[in-house]
Amino acid sequence: MVKREAVVPPLRILMLLTWTWRWKERQVETMNGSNLDYRQNCPLRKLTPSMAVKFGVFSQAENNLLTENVEAFLEETGIETAEKLLFAHRFPEEQAEIKRLKCRYSFCERISQGIARPWRLVYYRARKMFDPQNYNGRYTKKEEKKLFKYHALYGNKWKKISELMNRSSHSIALKYAQMIEDSNLGPWTEEETSRLLQALKDILKTKVRGLDSALEDRDSKGALILLRENLYKDIGWMKVAAQVETRSWRQCKKKWMSILTKKMMGKSPFCGLSNLQFKIDLIERLYELNVADTNEIDWERIAGVIGNVPPYYVQSRYHQLKSLYVPFWYEKTFPEIIDYLFEETLPIFKETLMKLAQRQRNTQEENTQEEKRCKKSFRFDDIFQDMLEDELLDSSDGETGEPSQADDGDPTQSFHKQ
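If you read the sequence shown in full-length UniProt numbering, its first letter stands for residue 1, the second for the next number, and so on.
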């Protein structure tokens with residue numbers, strides 16, 4: 001009798017059988033009330049049709065509304081603290097009851113009520129805001145040494161490290177990034193700048209060639225054309241930093257924006273009278289927006305109106321303005337800051353500009369209409385050709401590795417996926 005070899009079921013069939021068995025098991029447990037899942041009542045599309053879904057940094061108004069929603073939910077359910085509500089696993093004896101209450105009272109819908117964002121983003125924001133481990137004070141030297149040690153052992157597994165250090169995973173990820181930045185704050189070397197430019201060159205070429213061939217524009221000489229947004233949007237800064245090796249992603253981003261600003265303008269960034277005019281234009285444009293928070297500002301549009309500069313540059317200049325000219329700006333809202341700049345600082349700028357213009361009228365070169373016109377695209381070679389040489393010859397930049405306050409992207413979000 002010939003023995004038949006055992007037939008191993010395909011992996012997909014095994015996964016389907018396992019899923020079906022677990023689903024039936026959950027159905028029975030749910031009917032018995034022993035395994036309620038509050039996330040079942042949290043579909044992603046339960047937003048009012050007229051509400052535009054938002055992403056990015058939460059505004060102060062959204063933070064306040066989220067706080068109200070959490071406090072109202074705690075009062076209705078009788079759960080003592082926000083930590084128990086959002087970190088039930090830290091209280092194993094009460095975890096089952098907390099989970100039951102969250103399901104019964106539609107937890108995700110309630111905390112995201114009135115906030116035009118996907119509920120998962122609201123949930124993640126609430127965990128950052130209400131985690132007591134986010135507010136454990138400054139890191140000691142001993143903790144910093146521990147963090148380096150644990151990162152060497154576990155890599156970017158921030159949740160694992162947070163359990164060992166009694167700090168939130170978000171706090172630990174940011175602290176580690178800061179320590180990497182602090183380890184190298186000096187001027188960029190030729191080798192570092194060269195590695196940065198090569199990394200960006202490879203990324204931008206890949207990005208453009210990955211688009212539909214119909215969108216890959218070339219000029220009459222066959223030179224590759226880059227849309228301006230391709231030069232600074234959707235760049236994996238963590239990958240860039242890994243290729244540079246000696247700098248953090250924030251340092252790489254700031255250095256690239258400094259280089260890019262000069263290349264897009266075709267000259268050094270604003271100086272003298274043009275710098276003063278830039279400040280005046282920026283204050284006036286921001287004042288005209290009449291928005292309640294900075295996350296409502298379209299920096300791309302502002303940059304396009306002012307000139308050939310990346311949005312990051314405009315955003316960093318706004319931060320510089322409020323830091324230098326607005327007393328206690330960190331205690332003020334955006335409308336209060338921009339009102340102060342418009343009413344107190346702007347008249348001084350305009351008066352100074354008139355005096356300097358009168359004094360330098362005969363020597364100042366007027367900007368041509370071509371320079372003021374906002375370009376929609378740039379030749380690839382115009383951006384990268386001789387870029388390294390320009391950087392090495394231009395020592396007036398004063399560029400260091402210090403991080404900027406105006407970083408709009410947050411690649412540290414990739415830390416939390418671990």
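Yeah, the Cβ is synthetic: ideal placement off N, Cα and C, and Gly gets one too.
Keep in mind the model is a prediction, meaning the values are calculated, not measured.
- In the structure shown, I225 falls within a strand segment according to DSSP collapsed to helix, strand and coil.
- For the beta strand (DSSP E) assignment, the stretch 274-330 encloses no uninterrupted run of at least 3 residues.
- Contact between F342 and I283 holds, with the beta-carbon distance rounding to 6 angstroms and staying under 8 angstroms.
- When secondary structure is reduced to three states using DSSP, I180 falls in the helix class.
- If you check the CB distance, T294 and Y325 do not come in under 8 angstroms.
- As summarised for the stretch 99-124, the continuous alpha helix (DSSP H) elements at least 4 residues long and confined to that stretch are 107-111, given in chain order.
- Within the model, the alpha-carbon separation for D234 versus N134 is close to 29 angstroms.
- The beta carbon of L286 sits closer than 6 angstroms to those of I338, all from its chain and outside the five residues before and after it, given in chain order.
- Here P310 is buried, its C-beta having at least 16 other C-beta atoms within 10 Å.
- Across the set C103, I115, R90, W119, the C-alpha of R90 shows the shortest separation from the C-alpha of D131.
- CA-to-CA, the gap between G56 and Q277 works out to about 30 angstroms.
- For the pair Y150 and W329, the Cα-to-Cα distance works out to about 38 angstroms.
- Between M265 and N308, the C-beta spacing is below 8 angstroms.
- A distance below 8 angstroms separates the beta carbons of K99 and A88.
- Leaving aside the five residues that flank E76 on each side, the residues in its chain whose CB is nearer than 7 angstroms to its CB run, in chain order, Y105.
- Taken atom to atom, the span from the alpha-carbon of L121 to that of D281 is near 35 angstroms.
- Counting C-beta pairs with one atom in each stretch, the stretch 238-254 and the stretch 194-201 have three or more that are closer than 8 angstroms, which means they touch.
- CA-CA distance, P347 to Q358, rounds to 17 angstroms.
- For R110, the closest alpha carbon among the candidates K207, V70, K322 is that of V70.
- Secondary structure of V57 (DSSP, three-state): coil.
- Less than 8 angstroms separates the beta-carbon of W249 from that of M238.
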